[in-house]
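Participant:
Protein chains in written order, with my numbering: chain F, 937 to 1066; chain L, 55 to 271; chain S, 1126 to 1476; chain D, 9 to 461.
1. If we count Cβ pairs, one from each stretch, closer than 8 Å, do we get three or more for the region 1315–1326 of chain S versus the region 1452–1467 of chain S?
2. At what residue ranges does the region 98–177 of chain L contain a whole run of the alpha helix (DSSP H), taking only runs of 4 or more?
3. Whose C-beta lies closer than 6 Å to the C-beta of residue 1307 of chain S among residues of the same chain, with five residues either side of it excluded?
4. Checking contacts by CB at 7 Å: is residue 1026 of chain F closer than that to chain S?
5. What do you reckon, are the CB atoms on residue 122 of chain L and residue 381 of chain D nearer than 7 Å?
6. Please name the residue, chosen from D:195, D:245, D:126 and D:399, that lies closest to residue 255 of chain D on a Cα-to-Cα basis.
7. Any beta carbon from chain D within less than 7 Å of residue 79 of chain L's own beta carbon?
8. When the cut-off is 7 Å and only beta carbons count, does residue 275 of chain L lie next to chain S?
9. Determine, using beta carbons only, whether residue 298 of chain D comes closer than 7 Å to chain S.
10. For a contact meaning CB atoms closer than 8 Å, what does residue 318 of chain D contact in chain L?
11. Considering only residues of the region 236–299 of chain D, which uninterrupted beta strand (DSSP E) runs meet the minimum length of 3 residues and lie entirely inside it, listed in chain order?
12. What runs of the beta strand (DSSP E), each 3 residues or longer, lie entirely inside the region 1273–1329 of chain S?
13. Using a Cβ cut-off of 7 Å, pull out every chain L residue sitting near residue 1094 of chain S, in sequence order please.
14. Taking its Cβ as the centre, do 16 or more other Cβ atoms sit within 10 Å of residue 217 of chain D, making it buried, or is it exposed?
15. Should residue 85 of chain L be counted as a contact of the ligand MG given a C-beta to heavy atom distance under 6 Å?
16. Once DSSP output is grouped into helix, strand and coil, what is the label at residue 1370 of chain S?
17. Leaving aside the five residues before and after residue 174 of chain D along the sequence, list all residues of the same chain whose C-beta is less than 6 Å from its C-beta, in chain order.
18. Would you kindly check if the distance between the Cβ of residue 173 of chain L and the Cβ of residue 218 of chain L is under 7 Å?
19. Expressed to the nearest angstrom, what Euclidean distance is found between the alpha-carbon atoms of residue 205 of chain D and residue 58 of chain D?
20. Check whether chain L comes within 7 Å of residue 79 of chain D, counting only Cβ atoms and requiring the distance to be less than that.
21. Please name the residue in D:41, D:46, D:52 and D:35 whose C-alpha comes closest to that of residue 268 of chain D.
22. Is it the case that the Cβ atoms of residue 348 of chain D and residue 383 of chain D are separated by a distance below 7 Å?
23. Determine the direct distance from the alpha carbon of residue 237 of chain D to that of residue 437 of chain D, and round the result to whole angstroms.
24. Going by the DSSP bridge assignment, what does residue 1185 of chain S pair with across the sheet?
25. Quick check on residue 1468 of chain S - is its C-beta less than 7 Å from some C-beta in chain D?
26. Roughly how far, in whole angstroms, is the beta-carbon of residue 32 of chain L from the beta-carbon of residue 149 of chain D, given that I think they are within contact range, below 8 Å?
27. Tell me which residue opens and which closes the beta strand (DSSP E) that residue 1035 of chain F is part of.
28. Kindly say whether residue 1199 of chain S, judged by its beta-carbon, lies nearer than 7 Å to any beta-carbon of chain F.
29. Give me the subset of the region 97–123 of chain D whose CB atoms are less than 8 Å from a CB atom of chain A, sorted by chain position.
30. What does residue 976 of chain F touch in chain S if you count any residue whose Cβ is under 7 Å from its own?
31. How would you call residue 154 of chain L, buried or exposed, if buried means at least 16 neighbouring beta carbons within 10 angstroms?
32. Express the C-alpha separation of residue 212 of chain L and residue 158 of chain D in angstroms, rounding to a whole number.
33. If you follow the beta strand (DSSP E) that residue 303 of chain D is in, where does it begin and where does it stop?
34. Just reading off the alpha helix (DSSP H) that residue 241 of chain L is part of, what are its end residues?
35. Going along chain S in order, which residues have a C-beta closer than 9 Å to the C-beta of residue 988 of chain F?
36. For residue 1245 of chain S versus residue 1285 of chain S, is the C-beta spacing smaller than 7 Å?
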């Protein structure tokens, strides 16, 4: 136990900031299904009290799919228990979180191979085997 | 000095000085006028108790008049209770008074105050519409009545704009709100809003005079 | 004039993939508080942005702003930006010193005339130029000389933006803010004591990304970071609405994390991004640690009453003056009554 | 009790077409220039502005609720009959001349000087349409005594020579002859003798020393002379040492009603001097409302010091005499309602006396709805009954009174005020109404039980 844990501060479980986001997610799913419009929610722009981010993450839970990306630090792209709702977390090379997003989409753009990278890869492949 | 500092500082200070001076001016100006001795044989004491009794009882309408005065009375009650609650039970205001007097007391949740303030504004408009349409009130009203209404409603409305962030930034709204309060404080002793303190003198006087006769107060 | 590479070229040279670049753009958008829908435009802009020259001037300051900036976990996304800028002059960070340093400043000014950025931290003493000098040059002279060819000036920290602590009452050095002296160039204020490091870098990356001055509020602050009050974005705001307040620093309310309004929190009148960007790589911010906001990004925050004085507290003036007003009231009332009685007596006699 | 058709013809006529106030005649007395009239009005308004009146005039909120208490406004919906509006000029004078901010009102002209045209216009409001009944004072959320100020405003109107002619002439006659109806001491003596004969009762007159001085109202002497006999019967039965006096018999005070303070004082001093002369312990006032106000509450102030005797309204005297067993009465098997004279009950404080008397009489007492202190006025108080041109309006407001009386369905209507009785009789005739007002005192006198001791 570190001395920080001895400070008599209790963290109240909720400040009521989670529920509105869940509402927003439901609306985003509506948009995706009805109009095929994906939505990205930047969690950095929203007020969270201590523990609330964890609460949100726990509420959404872990789904079937997790992908990790290694570019300028690692990133985790994870589908939540609610299909179409993705939890995306970007870290820098020091493994510090630099961005958190909820994406409501069929496949997050970042998972798709990018034409520029495909072309660069093709060039490398040619160099190696031609 | 920005607007908020001006409002909270010199504007409020000057308003308080004028409020204090004006209030005492008016009271002393009335109290030091001549007094007629009453040599008639008293039936009641005509003392302070009678004054206090009427100060309290005239807050309520006597049965025979209830029906005729129901509408304005209800609106006036909403107005007065609403003003009391918004002024004295809104936490930021309590903090304000605490900074001044050193005392604090429990307040109501802000959302409750918001609705009370809206009800108060509604009652204010109900009363001013009545004033502008009732033949009696149209006849007897003067500038004082309309201006006093205006300076009373202004802090309520500017106060309500703060949480909805309408038109201006928070600190500008707060400054405007405080300036409107300053205007209210400055006007208060001189116009009919003086009833905040005159009510004690006027009702008290009647209480003493009529109780002395044993007559209905 | 040497070639200044675009950011796209720099990233490519470092072997960053397109995916990595997209990630970078996403975090940049997040940093700039731009909606995620802006990411493609950001990507396009950043790819073609050119590395600008930056001259950093430090005047009457405590180096806290620089400390803050260097704590922004470099080399990270922000670090990349610093790779993307050419910091040609900075007392604390540059290796060169003395005449070499001044030569570097002049060289950068000449090379990038009309396009370089000047960053300033600290206020400028106007009471006596001797109060603060660098290489024998007064702060005022150095500022005016340096900004002449600048594209824009960024005032970093509350001292540069508003005068800060040196400018606080009674302001012995006659300290003034950059915007008081520089009137013919765009001045971007990034106040705070210190400013949030991410906000500093974000403002730079915004300039870098879009090549123009961001939208500013009435105090010259970028609206992207200073558009909302701490109070509006505070996670404790629901307690304010419910009227739940901590009354002291160790009471039940404080432990339960209730609103700090009554303890003097200046959140409602303070525009900054602390509540969302937070400090120490997004760990926390003062209110989350249980301390009211001091309002350090607001003009003259030192002189705005006690830090622990609730915001709504008005200044009622001294008791003596109120008593004086009361005495004046008595006098006026007595005069009025006497005048009234005199008129009465006169009329009674005439009648 | 519901012969509506024959009764309300005129009134119903009036309601069918919108009410138009009659052409108002502005009466003037004396040859004064307009400036003189204004000056006089001002001076005599201003004299009244003491602390009490100032607190009233400063305290008004312009809420207009007094209009809902005033029979004139309730019956006509004419906003000019709002009680506080009736003293607008008085208030204007206060704000301009004496109020705490009078200097500024004059400096900036916030309140203009009262003009003679205004005064003329207000003659109708201050005299024709106010009976000084004081009902408005009870509804006022600030407790302002408007009726009292109407009386004061009349001081200025009188001095400006702007009193309705009939009232002015009545008051003048009272000042000159000692009685508003011109009843001289000789006439009084004559009528006393007549009543003594007719009712076979001893009526002591001009006794040198007596404990009780009884006085009468001219209305009674002239129109209801039996009340003199009734007074005598009661005082005799009570075994009082009492007398009427030819040098002080007139209880009415038209000086007060019209607004002439000198005349008011003269009239009061006559009674006071007579009472002192005979060493009276009690001055018993007759069944007259305003006489009670004039003597019970203003008499000592006219005298300038406390009176050396007690002042009682006859209903108070009766209540005391019955409570102490000085007199006894037979039970009366009737249902009775009682009309409270405003100046005795609401404004005089003797509301309960009449009710105690009625209890002794054992009648089935039926209080009018909103009766007692909230009673509607008869419409004739404050001198209004003398003003001919106000008759139409007076009859109009009497409707309220009729409804109030009828709601009780009582056999008998009693009161204790000859002036109320007079205006009831007049209105009764006007409406062919089937209630006749009786006198409380007369009912007691008729039902006195012979003392057995």
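All C-beta atoms, glycine included, are put in the ideal place defined by N, C-alpha and C. If you're wondering where the values come from, they're calculated on a predicted model, not measured in any experiment.
Facilitator: Working from what's here:
1. In short, these stretches do not touch, since the Cβ pair count stays below three.
2. Within the region 98–177 of chain L, the complete alpha helix (DSSP H) segments of 4 residues or longer fall at 102–111, 117–120, 124–142 and 145–155, listed in chain order.
3. For the purposes of this step, residue 1307 of chain S is taken as residue 182 along the third chain, with counting starting at 1. For residue 1307 of chain S, where only same-chain residues beyond five positions count, the Cβ hits under 6 Å are 1272 and 1278.
4. Within the first chain, numbered from 1, the residue matching residue 1026 of chain F stands at position 90. Chain S contact via Cβ: present.
5. Start at 1 with the first residue of the second chain, and residue 122 of chain L comes out as number 68. Start at 1 with the first residue of the fourth chain, and residue 381 of chain D comes out as number 373. Their beta carbons are not under 7 Å apart, which means residue 122 of chain L does not touch residue 381 of chain D by this criterion.
6. One-based indexing of the fourth chain puts residue 255 of chain D at position 247. For residue 255 of chain D, the nearest C-alpha among the options comes from D:195.
7. As a position in the second chain, residue 79 of chain L is number 25, starting the count at 1. Yes - at least one Cβ of chain D is within 7 Å of the one on residue 79 of chain L.
8. Lying outside 55 to 271, the shown extent of chain L, residue 275 of chain L is not represented and no answer is given.
9. Indexing the fourth chain from 1 puts residue 298 of chain D at position 290. The beta carbon of residue 298 of chain D does not come within 7 Å of any beta carbon belonging to chain S, so the residue lies off that interface.
10. Translated into the one-based positions of the fourth chain, residue 318 of chain D becomes position 310. Going along chain L in sequence order, the residues near residue 318 of chain D (Cβ under 8 Å) are 95.
11. Runs of the beta strand (DSSP E) spanning 3 or more residues and lying entirely within the region 236–299 of chain D occur at 290–293, in chain order.
12. 1275–1281 and 1312–1315, all fully within the region 1273–1329 of chain S.
13. Absent from the structure is residue 1094 of chain S, since the part of chain S shown begins at 1126 and ends at 1476.
14. The residue you call residue 217 of chain D lines up with position 209 of the fourth chain. Exposed, by the Cβ-count rule.
15. As presented, the structure is devoid of all ligands, the ligand MG included, so that no description of it is given.
16. Sequence index remark: in the third chain, residue 1370 of chain S carries index 245 (1-based). If DSSP states are grouped into helix, strand and coil, residue 1370 of chain S belongs with the strands.
17. In the fourth chain, counting from the first residue as 1, residue 174 of chain D sits at position 166. Excluding positions up to five away in sequence, the list reads 394, 395 and 396.
18. As a working mapping, residue 218 of chain L is identified with position 164 in the second chain. As a working mapping, residue 173 of chain L is identified with position 119 in the second chain. Against a cut-off of 7 Å, the Cβ pair of residue 173 of chain L and residue 218 of chain L comes out as no contact.
19. The count along the fourth chain starts at 1 and reaches residue 205 of chain D at position 197. The count along the fourth chain starts at 1 and reaches residue 58 of chain D at position 50. Rounded to whole angstroms, residue 205 of chain D and residue 58 of chain D show a C-alpha spacing of 51 Å.
20. Along the fourth chain, one-based indexing puts residue 79 of chain D at 71. Not closer than 7 Å to any Cβ of chain L, the Cβ of residue 79 of chain D fails to qualify, so no.
21. The residue given as residue 268 of chain D occupies position 260 in the fourth chain. It is D:52 whose Cα lies nearest to the Cα of residue 268 of chain D.
22. Taking the fourth chain and counting its residues from 1, the one referred to as residue 348 of chain D is at position 340. Taking the fourth chain and counting its residues from 1, the one referred to as residue 383 of chain D is at position 375. With contacts defined as CB atoms closer than 7 Å, residue 348 of chain D and residue 383 of chain D qualify as a contacting pair.
23. Stepping through the fourth chain from its first residue, residue 437 of chain D is reached at position 429. Stepping through the fourth chain from its first residue, residue 237 of chain D is reached at position 229. So the alpha carbons of these two residues sit roughly 26 Å apart.
24. The residue you call residue 1185 of chain S lines up with position 60 of the third chain. Paired residue(s): S:1248.
25. Reading the third chain from its first residue, position 343 is the one you call residue 1468 of chain S. So, interface residue.
26. Residue 32 of chain L is absent from the structure shown; chain L starts at 55 and stops at 271.
27. To locate residue 1035 of chain F, count along the first chain from 1; it is residue 99. From DSSP, the beta strand (DSSP E) with residue 1035 of chain F extends over 1033–1040.
28. Position 74 of the third chain, counted from the first residue, corresponds to residue 1199 of chain S. Note that residue 1199 of chain S scores a pLDDT of 39, beneath 50, so its modelled location is shaky and nothing firm can be said.
29. Of the protein chains in the structure, F, L, S and D, none is chain A.
30. In the first chain, residue 976 of chain F corresponds to position 40, counting from 1. For a Cβ distance threshold of 7 Å, residue set 1161 of chain S lies close to residue 976 of chain F, ordered along the chain.
31. Your numbering for residue 154 of chain L matches position 100 in the second chain. Under this definition residue 154 of chain L is an exposed residue.
32. Position 150 of the fourth chain, counted from the first residue, corresponds to residue 158 of chain D. Position 158 of the second chain, counted from the first residue, corresponds to residue 212 of chain L. Residue 158 of chain D and residue 212 of chain L have their alpha carbons spaced roughly 42 Å apart.
33. On the fourth chain, position 295 is the one that residue 303 of chain D refers to. Where residue 303 of chain D is concerned, there is no enclosing beta strand (DSSP E), given that its DSSP letter is neither H nor E.
34. As a working note, residue 241 of chain L is residue 187 in the second chain. For residue 241 of chain L, the enclosing alpha helix (DSSP H) has its first and last residue at 224–241.
35. The residue labelled residue 988 of chain F in the question sits at position 52 within the first chain. Going along chain S in sequence order, the residues near residue 988 of chain F (Cβ under 9 Å) are 1360.
36. Your numbering for residue 1245 of chain S matches position 120 in the third chain. Your numbering for residue 1285 of chain S matches position 160 in the third chain. Between residue 1245 of chain S and residue 1285 of chain S, the gap from beta carbon to beta carbon is short of 7 Å.
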